[in-house]
Amino acid sequence: MAKEVDELARRTPGKKSHSIEAFSWALQAIPTTIADNAGLDSAELISQLRVEHHKEGCIVGIDILLGAVGDMEKLGISESFKVKQAVLLFATEVVEMILRVDEIITCAPRKREDRFWRIGIEKE
């Protein structure tokens, strides 16, 4: 999926391409984290995974037991579309909330009226 998103980023003009590219990197972080957590060489496995994913009809992933790239169909590993869709939608919503909070925090403070004027004391 990251490959397709990355290709979309390359075809998209302007600032939107940066957001799409960041999403692609986030998708690539998933197998990297899985390999790291299993104590495997994630850099080597991810490079092998990228090579395999550029082939037609690719259904490979990381075989944690062997510490190598393996055919997920032969291993009996599958994911339903509904689960993937729900996870991606949830992750996207979380990122959107974080960006909104960050946007609110970085906004300039609003101007406040002078407190002395409100209570009738003249400033010197």
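As numbered in the working numbering, the sequence shown has no gaps in its residue numbers, which increase by one up to the final residue, 126.
Backbone N, C-alpha and C define an ideal beta-carbon position, used for all residues, glycine too.
Taking C-beta atoms under 8 angstroms as the contact rule, I64 and A28 fail to qualify, at a distance of about 17 angstroms. By the beta-carbon neighbour count (other beta carbons within 10 angstroms, threshold 16), L47 is buried. Around the beta carbon of L51, 16 or more other beta carbons lie within 10 angstroms, which makes this residue buried.
Counted as a single uninterrupted DSSP element, the alpha helix (DSSP H) harbouring A24 occupies residues 18-39. In this structure, the CA atom of S49 is about 16 angstroms from the CA atom of E6. Under DSSP, A70 forms a beta bridge with D65.
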